[in-house]
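Asker: Going by my numbering, the sequence shown opens with residue 11, and the numbers climb by one from there. Provided herewith is a single structure, encoded as structure tokens, for subsequent inquiry.
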Amino acid sequence: MLSRCVSNGLKSLEDSLLIVLTRLLLTRLVDFLILPHNPSDYQRHRNLKYKDQQMKIEEANNRITSVNSSGQRKGLWSCLELKILLVIEKVGTSQRKGNQELGKVGLISTLAQRFEHFSIGRTSKMSLIICFFVLQLLTWSRVLLAHESRNNCSRSIMSIGAVLDLSSQMGKHQKIAMQIALQEFNRLSCSKLDLKIENSHGNSAHAVASAMDLTQSKQVLAIIGTITHSEANLASEFDDTIKNIPILSLISPVARSEKSSPLLPYFIQEGYDINLHMQCIAAIVGEFRWRKVTVIYELDNWFSSDPGILLDLSYSLRLVGSEIDNHVALPSLSSLLDPKSTIENELNRLKNKSNRVFLIAHSSLELANILFEKAKQMSLVGKGSVWVIPDGVAGLLDSVNSSSILNMQGVIGFKTHFMETSKAFRRFKFKFRRRFVLEFPEEENINPSFFALQSYKATRAVAQAARESQGKLTLEQLFKSNISRNGKFWQSQTFNIINVIGKSYRELALWSPELGFSKNLITQQLTEMNTNSASSGILSTVYWPGGIQFVPKGWTHSTEQRKLQIGVPAKGAFTEFVNVTYDKNRNKTSITGFSIDVFKEAVHNLSYDLDFAFVPFNGSYDEMVEQVYNKTLDAAVGDTSIMAYRYHLVDFSQPYVDSGIDMVVTEQSAKSKETWIFLKAFTKGMWLMMAALHIFVGFVIWLIERQVNEELKGFGSMLWFLVTVIFYAHREPIRSPLARTVLAPWLFVILIATSTFTASLTSMMTVSQLEPSVLDIKSLLKRNSPVGCNGNSFIVKYLTEVQKFKPENIRRINSINDYPSAFQNKDIEAAFFIAPHAKVFPKGSTLATDISEALLKVLESGEIEQLEKDMLTIEGNASCSPLESKAKDGSPTGFQPFLGLFCICSIVAVLALLYNMICLLMSNVLTFTSYIHLTLTQLRRIWRWTTRYFARSSSRFQSGSLRSVSTATVTRNAEETVINTQ
Numbered sequence: 011m012l013s014r015c016v017s018n019g020l021k022s023l024e025d026s027l028l029i030v031l032t033r034l035l036l037t038r039l040v041d042f043l044i045l046p047h048n049p050s051d052y053q054r055h056r057n058l059k060y061k062d063q064q065m066k067i068e069e070a071n072n073r074i075t076s077v078n079s080s081g082q083r084k085g086l087w088s089c090l091e092l093k094i095l096l097v098i099e100k101v102g103t104s105q106r107k108g109n110q111e112l113g114k115v116g117l118i119s120t121l122a123q124r125f126e127h128f129s130i131g132r133t134s135k136m137s138l139i140i141c142f143f144v145l146q147l148l149t150w151s152r153v154l155l156a157h158e159s160r161n162n163c164s165r166s167i168m169s170i171g172a173v174l175d176l177s178s179q180m181g182k183h184q185k186i187a188m189q190i191a192l193q194e195f196n197r198l199s200c201s202k203l204d205l206k207i208e209n210s211h212g213n214s215a216h217a218v219a220s221a222m223d224l225t226q227s228k229q230v231l232a233i234i235g236t237i238t239h240s241e242a243n244l245a246s247e248f249d250d251t252i253k254n255i256p257i258l259s260l261i262s263p264v265a266r267s268e269k270s271s272p273l274l275p276y277f278i279q280e281g282y283d284i285n286l287h288m289q290c291i292a293a294i295v296g297e298f299r300w301r302k303v304t305v306i307y308e309l310d311n312w313f314s315s316d317p318g319i320l321l322d323l324s325y326s327l328r329l330v331g332s333e334i335d336n337h338v339a340l341p342s343l344s345s346l347l348d349p350k351s352t353i354e355n356e357l358n359r360l361k362n363k364s365n366r367v368f369l370i371a372h373s374s375l376e377l378a379n380i381l382f383e384k385a386k387q388m389s390l391v392g393k394g395s396v397w398v399i400p401d402g403v404a405g406l407l408d409s410v411n412s413s414s415i416l417n418m419q420g421v422i423g424f425k426t427h428f429m430e431t432s433k434a435f436r437r438f439k440f441k442f443r444r445r446f447v448l449e450f451p452e453e454e455n456i457n458p459s460f461f462a463l464q465s466y467k468a469t470r471a472v473a474q475a476a477r478e479s480q481g482k483l484t485l486e487q488l489f490k491s492n493i494s495r496n497g498k499f500w501q502s503q504t505f506n507i508i509n510v511i512g513k514s515y516r517e518l519a520l521w522s523p524e525l526g527f528s529k530n531l532i533t534q535q536l537t538e539m540n541t542n543s544a545s546s547g548i549l550s551t552v553y554w555p556g557g558i559q560f561v562p563k564g565w566t567h568s569t570e571q572r573k574l575q576i577g578v579p580a581k582g583a584f585t586e587f588v589n590v591t592y593d594k595n596r597n598k599t600s601i602t603g604f605s606i607d608v609f610k611e612a613v614h615n616l617s618y619d620l621d622f623a624f625v626p627f628n629g630s631y632d633e634m635v636e637q638v639y640n641k642t643l644d645a646a647v648g649d650t651s652i653m654a655y656r657y658h659l660v661d662f663s664q665p666y667v668d669s670g671i672d673m674v675v676t677e678q679s680a681k682s683k684e685t686w687i688f689l690k691a692f693t694k695g696m697w698l699m700m701a702a703l704h705i706f707v708g709f710v711i712w713l714i715e716r717q718v719n720e721e722l723k724g725f726g727s728m729l730w731f732l733v734t735v736i737f738y739a740h741r742e743p744i745r746s747p748l749a750r751t752v753l754a755p756w757l758f759v760i761l762i763a764t765s766t767f768t769a770s771l772t773s774m775m776t777v778s779q780l781e782p783s784v785l786d787i788k789s790l791l792k793r794n795s796p797v798g799c800n801g802n803s804f805i806v807k808y809l810t811e812v813q814k815f816k817p818e819n820i821r822r823i824n825s826i827n828d829y830p831s832a833f834q835n836k837d838i839e840a841a842f843f844i845a846p847h848a849k850v851f852p853k854g855s856t857l858a859t860d861i862s863e864a865l866l867k868v869l870e871s872g873e874i875e876q877l878e879k880d881m882l883t884i885e886g887n888a889s890c891s892p893l894e895s896k897a898k899d900g901s902p903t904g905f906q907p908f909l910g911l912f913c914i915c916s917i918v919a920v921l922a923l924l925y926n927m928i929c930l931l932m933s934n935v936l937t938f939t940s941y942i943h944l945t946l947t948q949l950r951r952i953w954r955w956t957t958r959y960f961a962r963s964s965s966r967f968q969s970g971s972l973r974s975v976s977t978a979t980v981t982r983n984a985e986e987t988v989i990n991t992q
């Protein structure tokens, strides 16, 4: 039993040792292919790893000595693994000398993956041993090939300088990317490039000193990094050699700085176009229609050197109907002794403002982390607030720890779009992460940013140009190696719109200056012809700060903000529109009126808080408009008209009442009364309808009553009945029930018609008939009549220049209460008034657009109509209704109000007539038959007499004709005889 246990233990020990050796060998081979070949970098990595392994080996020795049972066998194998690892580390050191080939990474990685799935139960010891020796042979063949390739070419060592801010996350990314680029270049080229990195610490003085040190002591071929044009220019004044060294600036804004300077002909700007970033920020603001924003920016080396960046942002915001309300300029993080307290003081100042739309135009990631940390503590990253972060912050969120991400919940931003799924980027990402964790082991999340990829591409391009040069780089060599002449090296025109949520962020859409917002690149290409919409609706699923799902208003009630000075006319003609009164007892000015109420309703419908104060203005309307133009007043409210000569000075809001100029004159009585005025009580149609229906109803009643009523048998009695029935004075009794049925509704019609006639005629005779004293303006001009108007309005200019009134005929009346006395005293014959139009705002003010939109909402809701009714009901003016003018008109009454009664009476009369005729025929059939027979007999007799008469007359006519013919014949014969005799 003991021998079996010993044999099993030895077998297990042998298998475990074989697996440990194989796995450790694979690990060392992968490290051998990936780790850098820079001796200093590799030695630092070796020292860190060696110290860690020494600690583990000491722990393993302690555990080996304490093994006293079979239950600790697993710990024993782990300790043996650590010791074997140390031995292999020593062996692997000798394999770092010489170049390595990247082509075998795939083979060894595949073998490593397969070995991870091996187990002792499935694989025999012989197969493991064979694989172990195969890997060992591959490793030694690799070393021999590296030594052979190194001996076949002569290596020349050249240096490239880099000025980076290694205290920032962006600088760390750029450093690792540059090292990877040179590592790949050195592996495939006989020339060896060495990277000399200088840390600027985000300070302009350090950047200048670093550039000078690289050119003087280290004699670099070119300088790459975050050095601005002004810094390079300053360094060239101290060292002339800098003017002849190519400098590639990776962060300078190419939109404003000089692309080619005669002082620095070799200075090339390969940074991003800051103008595109400002347009993207403005597009986000315009998508959600925020009218006012607060801009926050860090005054670092390059942002402070170009004030035009804020001008670009302001211009882009104005194009989308927004404006900058507040500016917050934060000093560079490297220049602050206590950055948290400085940022906290600035945020306290913003907290007292009403605006809650914060745009970070430019900031480093480190400053943004402190900013959001303090903003969250002060509840500025909560419900109702909006934060927009730039590419410099959003592009590095993949490398931000979880605590910083939690402070940015609900933040939206944009980052430069690039293909993250390509094979080349995945290879670069793999190398970047392995190297970054060795260089900066304290970092949690490690993912390459666009800035790292940009630095990688720029370094590769400079390295290729250096290989072609003979110790001196020229511009032509740089331009041949994919360095752009127009400063747009690998510049993407598309941005990813992101939204921070949870422990990371999600991509909402894409944006480009040509196509606007789209969901993806395919949609962006398909919607190329439809990019002019005001709001695309693509960014509709944003997770906002505070967890809300609707778009925040972006403002809140503030405790400290300058009130807008809104001017109102104190000498307006109509107090119903603007009424300014002063209470001496309370020492308070009261401003009321229809225009004031409309403005308050419009402000209530704004999407942000507007703090204002009314300021009475004692001048004319034109002077008040000039005060708004001069920015003395922020706006003007009142019965102000839109005129052409005012429009080029100020902006007007949407008109809230119908515009126009009204002429008011006195009324006078009509010259004479008409003779037949009583006929105008009814229209002609009414009179004809009444007469026709009255005769028809009377005829029907007469036909029915004449059979049973002796008093209504004659036709004359019927006519008299028609006259007397109108006045209910008929004395003839109606005996037939059918006739009474016809008469009853007609009597009701007569009652209604006579009452209406009496009322209409009474109104026409008693109410005075009035007509205007002046018909038109031409009559006033012909008679040279004086007219009145408000002296503070533009009507004076209109009457003199347009209507050609003489200035001495225009009376300036400032109060509406003075017009009645002016008419009574014959001082004026007409008065001219204008209807209030709109509110007045400074030229280009976004408040005019907001108030116009709010006025439209008030108009659509019917609130202005209600305000007009409330204005008319004040001071007993409710009687001034448009209906009164219609009542005074005295127009005649038509038959339409009586049409229903007329139809009822007509139908009843027709039915009664038919019934009476049918009854009459049924009761007198024989009489009617004999009557018809008699009538026909008489007609026959008449026919016979007529025919006989015509026959007799014709015979007489014929006989007379014959006589005349014979007489004529005899006479003619006699004449012929006489003629013949003669």
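We treat Cβ as the ideally placed atom computed from N, Cα and C, and that holds for glycine.
For the alpha helix (DSSP H) that contains K185, what are its first and last residues?
Answerer: Membership of K185 in the alpha helix (DSSP H) is indicated by the continuous run Q179 to L198.
Asker: Mind listing, in chain order, the continuous beta strand (DSSP E) runs of no fewer than 3 residues lying wholly within the segment 614-671?
Answerer: Those beta strand (DSSP E) runs which fall completely within the segment 614-671 and span 3+ residues are 622-627, 645-650 and 660-662.
Asker: Kindly provide the ranges of any alpha helix (DSSP H) runs that are 4 or more residues long and lie completely inside the segment 386-427, ordered along the chain.
Answerer: 401-404 and 412-416
Asker: Can you list, in chain order, the residues of its chain with a C-beta nearer than 8 Å to that of F428? Leave out the 5 residues immediately preceding and following it.
Answerer: F435, F460, L463 and S502
Asker: Pair every Cβ in the segment 176-193 with every Cβ in the segment 202-214, then say whether three or more of these pairs are closer than 8 Å.
Answerer: They touch, by the three-pair rule.
Asker: Can you tell me which of the three DSSP states P755 falls into?
Answerer: helix
Asker: Between the C-alpha atoms of L809 and P665, what's the straight-line distance to the nearest angstrom?
Answerer: If I take the Cα positions, the gap works out to 23 Å.
Asker: Nearest to P400 by alpha carbon, out of I508, D661, K816 and Y829?
Answerer: When I508, D661, K816 and Y829 are compared, the shortest CA-CA separation from P400 is found for I508.
Asker: Which first and last residues belong to the beta strand (DSSP E) in which G577 is found?
Answerer: Residues L574 to P579.
Asker: Identify the continuous alpha helix (DSSP H) that holds A292 and give its terminal residues.
Answerer: I284 to F298
Asker: Could you check which residue in M775, R822 and V812 has the C-alpha nearest to that of P796?
Answerer: Among M775, R822 and V812, the Cα nearest to that of P796 belongs to R822.
Asker: Report, in whole angstroms, the separation of the C-beta atoms of T551 and D619, which I expect to be a contact under 8 Å.
Answerer: With a Cβ gap of about 27 Å, T551 and D619 do not count as contacting.
Asker: Throw me the rounded Cβ distance for the A645 and K849 pair, which I believe falls under 8 Å.
Answerer: 6 Å
Asker: Could you check which residue in A691, F604 and K393 has the C-alpha nearest to that of M775?
Answerer: A691
Asker: Is it right to say P817 is buried, meaning 16 or more other beta carbons lie within 10 angstroms of its own, or is it exposed?
Answerer: It is exposed - the Cβ of P817 has fewer than 16 other Cβ atoms within 10 Å.
Asker: Is the segment 322-332 in contact with the segment 290-309, if contact means three or more CB pairs nearer than 8 Å?
Answerer: yes
Asker: Could you say which of A702, Y657, A623 and K185 lies nearest to D632 if we only look at CA atoms?
Answerer: Of A702, Y657, A623 and K185, the residue nearest in Cα terms is Y657.
Asker: Would you call the segment 369-381 and the segment 400-413 in contact, with 3 or more CB pairs under 8 Å?
Answerer: yes
Asker: Hey, how far is the Cα of W712 from the Cα of L732?
Answerer: 10 Å
Asker: Identify which residue in R962, W697 and G910 has its Cα closest to the Cα of T764.
Answerer: Out of R962, W697 and G910, W697 has the C-alpha closest to the C-alpha of T764.
Asker: Going along the chain, which residues of its own chain have a beta-carbon closer than 6 Å to the beta-carbon of N794, five neighbours each way excluded?
Answerer: If we look at N794 and ignore the five residues flanking it on each side, it has no Cβ neighbours.
Asker: If we ignore side chains and look at the alpha-carbon of each, how far apart do M388 and K182 end up?
Answerer: 31 Å
Asker: Rounded to the nearest angstrom, how far is the Cβ of E839 from that of V918, given a contact under 8 Å?
Answerer: Between the beta-carbon of E839 and that of V918 there is about 60 Å, and that puts the pair past the 8 Å contact cut.
Asker: According to the Cβ coordinates, are F446 and E452 closer than 8 Å?
Answerer: no
Asker: From the DSSP secondary-structure annotation, give me the bridge partner or partners of V338.
Answerer: I306
Asker: Do you know offhand how far D607's Cα is from W397's?
Answerer: 35 Å
Asker: What separation, rounded to the nearest whole angstrom, lies between the Cα atoms of M418 and D408?
Answerer: The alpha-carbon atoms of M418 and D408 are separated by roughly 13 Å.
Asker: Just to check my reading of the structure: K256 and A219 have Cβ atoms closer than 8 Å, yes? What is that Cβ distance to the nearest angstrom?
Answerer: Looking at the sequence shown, residue 256 is not Lys but Pro. The Cβ separation is near 19 Å, so there is no contact.
Asker: Between V472 and G296, what straight-line distance do the alpha-carbon atoms span, to the nearest angstrom?
Answerer: 41 Å
Asker: Taking DSSP as the reference, what is the three-state secondary structure of G235?
Answerer: strand
Asker: Roughly how many angstroms separate the alpha carbons of L357 and R366, rounded to a whole number?
Answerer: Rounded to whole angstroms, the separation of the alpha carbons of R366 and L357 is 11 Å.
Asker: Is W565 helix, strand or coil by DSSP?
Answerer: strand
Asker: Kindly indicate which residue of F815, F767 and A769 has the alpha-carbon position closest to the one of L790.
Answerer: F815
Asker: Using only alpha-carbon positions, find the residue among V338, Q717 and N824 that is nearest to G801.
Answerer: Taking G801 as reference, the option from V338, Q717 and N824 with the minimal CA-CA separation is N824.
Asker: Please classify Q948: does DSSP put it in a helix, a strand, or coil?
Answerer: helix
Asker: On the three-state DSSP scale, how would you describe M429?
Answerer: coil
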